[in-house]
Amino acid sequence: MSDIADVPPAVVGRFRVICGELPEAYEEPSWIGLRWRIRRRTFLHVYTTDERGSAYIDMDDPAILMTFRAPPGELAALAHAGPPFFRADWGVNVVGMVLDDETDWVEVAELVTDSYRVQAPRRLAFRLKAGG
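Using the numbering used here, the first residue of the sequence shown is number 786, and each one after it goes up by one.
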C-alpha cells in the first residue's frame, strides 16, 4: 500500500450505503484508498491525494477523488463536462470526479449505480434494474 492519505470515514460511510444496495458488490483495500467490485471487476475507486496530487487532474491541494466506469452514452459528456469531472485515462470508459463539500450525493449514487451496471454480469445488472 502507498502513503496516500486515507479516505475520510464519512465519505467511506456514504459509499458503503450506496454500494450496499448493489447485488454482490464488495469493498476491499486498493493500492491507494478503497475500491468496490463486482466479482473481480472494479466499478468504483475512492482515494485521497497527497501533496503530489493526481496523475489525472491538476490540483493545488489534496483532494478526495473517485473513479468509475461510464456507459458509452455518458462517457463523452462526463469526460468533457469539466470540474468536478475529469478523464482518467487508465481505462477506455473511466471517468473521475472530485468530491468536496458541494458534491451532490444523489448524483454520485446514480453514477456509481451506472458504473456497477457497466461492470456487472448481465444477470446481476438486470436484477438491479428489476429492483430485486
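The beta-carbon is built from N, C-alpha and C at its ideal position, and this holds for glycine as well.
Annotation: the continuous beta strand (DSSP E) that includes residue 813 extends over 810 to 814.
The secondary-structure analysis by DSSP pairs residue 854 across a beta bridge with 879. For residue 821, the beta-bridge partners assigned by DSSP are 812, 829. Taking the C-beta atoms as reference points, residue 854 is found no nearer than 9 angstroms to residue 818. Across the structure, residue 828 and residue 898 are spaced so that their CA atoms are roughly 9 angstroms apart. Taken through DSSP and simplified to helix, strand or coil, residue 884 comes out as strand.
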